[in-house]
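Below: one structure, written as structure tokens.
There are 2 protein chains.
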Amino acid sequence: MVNTAKINAPGLRPTQELVLDTALHLFSERGYFNTSVHDIAREAQVSIGSIYHHFKDKQGIAQALYEQLVARMGRAFDTIASTHPTTHDRCRAVVELLFQLTEDEPALMAYMLHAQHQEFMPGQAPVCSSRPFTQMRAMVAAGMDTGEIRPMDSLVAATALFGGPLRMISLRLDKILEIPLQRYTAQVWEAAWHAVAA
Amino acid sequence: MVNTAKINAPGLRPTQELVLDTALHLFSERGYFNTSVHDIAREAQVSIGSIYHHFKDKQGIAQALYEQLVARMGRAFDTIASTHPTTHDRCRAVVELLFQLTEDEPALMAYMLHAQHQEFMPGQAPVCSSRPFTQMRAMVAAGMDTGEIRPMDSLVAATALFGGPLRMISLRLDKILEIPLQRYTAQVWEAAWHAVAA
DNA sequence: TTGACTAGAACGATTGTTCGTTCTAGTATC
DNA sequence: GATACTAGAACGAACAATCGTTCTAGTCAA
């Protein structure tokens, strides 16, 4: 087993975590195909052998990363759903969380939203059908049942509500927006809610 | 021997066009990095040498394709702007055009919206700052001047108005939506316009 | 000793690109 | 009309470099 002291030692994190972290940053900066396994090894200061001991192949790194991030975001959305009673507040909290994540961990957000996962993970369902996105659509559907949201196709409602905020995130990740997203939260949310409010 | 009729003969288009067309479809199906120049040559039934005679390198193909599509879309938006007096009608026409393009030429749309151009065309500005997107933002800004659109940050207004429709396009390209986009035009537009209408 | 882990040289396959050549069509010369 | 010449287009074998992966050797804790 891995010595537990090692885990807590500053700068000496378990290889697996180190590799995933390095891969995330390289993938989201240069893209999956512009990042070689050798690059990851060099950057993480880990040997090729080590990497292949922990991961089946290069795709396995991307897959593990993806699943980890999706799970993490799913959990965050669960928390939001259970701490906010109304659809309005839930969805607003989701937008706030996404904005904050974009500012705090842009690499994570870029890998989740901008990467074309199907290109390097064949067979993988598109992000839009991953759990976090499903959760978002479920929130909207629930809001239509309670009457908070105007009756319409629930998929249309979900894209109408989150489409704007998500595009703001894209603009920020592409560095077209130079100001932190949080400054826009109020305006963005007001417009988004107007789109679907009853 | 072969005369000029060759150019007009069905199925025998000039090499350059043939290569670009083949590249567009391969790029948008498998992605740029999963498509080798050999693949393009094989699929287009053209020799490697021919390709390199017409294009500087692989990136040159992607670049030519990109510029061609951006220019085409820019022209279409120009036409829309000059044939519709109000911002409301202009923007709605834009959404209708985008929906129609997505149905008629999904490869084109996928290459414009989903491809991560910066990964294979380093230095290229992100799509969001290409002319078509600039035109869309200009329409919105104009609408705010005339009072059709509620006063707010014009970038926020643009993302609020077009964010929903663009996400619908993404869902359709990812085949999560199985029904033609046109069926949703009315609902999508109503919600989008509500987001920003004065 | 065993088993988990690390190391990094080496390998085979693929890729983007080059280059010498052939082919085609048009033009000038006789 | 026949011939010689030229420019552009097309061809595809060959090349160098890179990449993902494997393999063998070694380390260290239990």
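In order, the protein sequence lines correspond to chains A and B.
According to my numbering, the first sequence is numbered sequentially starting from 1.
According to my numbering, the second sequence is numbered sequentially starting from 199.
Glycine included, each C-beta is placed from N, C-alpha and C at the ideal position.
Check whether residue i and residue j have beta carbons under 7 Å apart
{"i": "Arg381 (chain B)", "j": "Ala356 (chain B)", "result": "no"}
{"i": "His25 (chain A)", "j": "Ala393 (chain B)", "result": "no"}
{"i": "Asp57 (chain A)", "j": "Gln385 (chain B)", "result": "no"}
{"i": "Gly361 (chain B)", "j": "Gly60 (chain A)", "result": "no"}
{"i": "Pro165 (chain A)", "j": "Val95 (chain A)", "result": "yes"}
{"i": "Leu97 (chain A)", "j": "Met109 (chain A)", "result": "no"}
{"i": "Ala260 (chain B)", "j": "Phe331 (chain B)", "result": "no"}
{"i": "Asp372 (chain B)", "j": "Pro122 (chain A)", "result": "no"}
{"i": "Ser130 (chain A)", "j": "Ile374 (chain B)", "result": "no"}
{"i": "Gly124 (chain A)", "j": "His114 (chain A)", "result": "Per the sequence shown, the amino acid found at residue 124 (chain A) is Gln instead of Gly. Cβ distance not < 7 Å, so Gln124 (chain A) and His114 (chain A) don't count as in contact."}
{"i": "Ser28 (chain A)", "j": "Ala76 (chain A)", "result": "no"}
{"i": "Ile249 (chain B)", "j": "Val217 (chain B)", "result": "yes"}
{"i": "Phe231 (chain B)", "j": "Phe33 (chain A)", "result": "yes"}
Beta-bridge partners of residue i, as assigned by DSSP
{"i": "Ala395 (chain B)", "result": "B:Ile347"}
Beta-carbon separation (whole angstroms), residue i vs residue j, contact threshold 8 Å
{"i": "Phe253 (chain B)", "j": "Ala262 (chain B)", "result": "7 Å"}
{"i": "Met337 (chain B)", "j": "Thr285 (chain B)", "result": "6 Å"}
{"i": "Thr15 (chain A)", "j": "Val46 (chain A)", "result": "6 Å"}
{"i": "Pro180 (chain A)", "j": "Glu103 (chain A)", "result": "5 Å"}
{"i": "Ala198 (chain A)", "j": "Ile149 (chain A)", "result": "6 Å"}
{"i": "Ile80 (chain A)", "j": "Arg90 (chain A)", "result": "6 Å"}
{"i": "Ala358 (chain B)", "j": "Ala142 (chain A)", "result": "With a Cβ gap of about 23 Å, Ala358 (chain B) and Ala142 (chain A) do not count as contacting."}
{"i": "Leu69 (chain A)", "j": "Met112 (chain A)", "result": "6 Å"}
Practice task
Please name the residues in the segment 148-172 of chain A whose beta-carbon is closer than 9 Å to at least one beta-carbon of chain B, in chain order.
Solution key: Arg150, Met152, Asp153, Leu155, Val156, Ala157, Ala158, Thr159, Ala160, Leu161, Phe162, Gly163, Gly164, Pro165, Leu166, Arg167, Met168, Ser170 and Leu171
Practice task
Jot down the residue ranges of each uninterrupted alpha helix (DSSP H) in the segment 43-108 of chain A, minimum 4 residues, whole runs only, in chain order.
Solution key: 48-54, 58-83 and 87-104
Handout entry: 4 or more residues per run - each alpha helix (DSSP H) lying fully within the segment 305-366 of chain B
Key = 315-318 and 329-343
Exercise for the section: Return the residues of the segment 18-52 of chain A that lie within a Cβ-Cβ distance of less than 9 Å from chain B, sorted by chain order. Expected result: Going along the segment 18-52 of chain A in chain order, one finds Arg30, Gly31, Tyr32, Phe33 and Asn34 with a Cβ nearer than 9 Å to chain B.
Exercise for the section: Pull out every residue of the segment 122-133 of chain A whose Cβ sits closer than 8 Å to any Cβ of chain B, in chain order. Expected result: Pro126, Cys128 and Ser129
Problem - Near-chain B residues of the segment 76-92 of chain A - C-beta to any C-beta below 9 Å - result: none
Handout entry: Residues within the segment 298-314 of chain B neighbouring chain A, beta-carbon criterion of under 8 Å
Key = His312, Ala313 and Gln314
Exercise for the section: Using a Cβ-Cβ cut-off of less than 9 Å, give me the residues of the segment 57-70 of chain A that come near chain B, in sequence order. Expected result: none
Exercise for the section: With 9 Å as the limit, tell me which residues of the segment 334-346 of chain B have their beta carbon closer than that to any beta carbon of chain A; keep them in chain order. Expected result: none
Exercise for the section: Could you list the residues in the segment 183-197 of chain A with a C-beta less than 7 Å from some C-beta on chain B, going in chain order? Expected result: Tyr184, Gln187, Val188, Ala191, Ala192, His194, Ala195 and Val196
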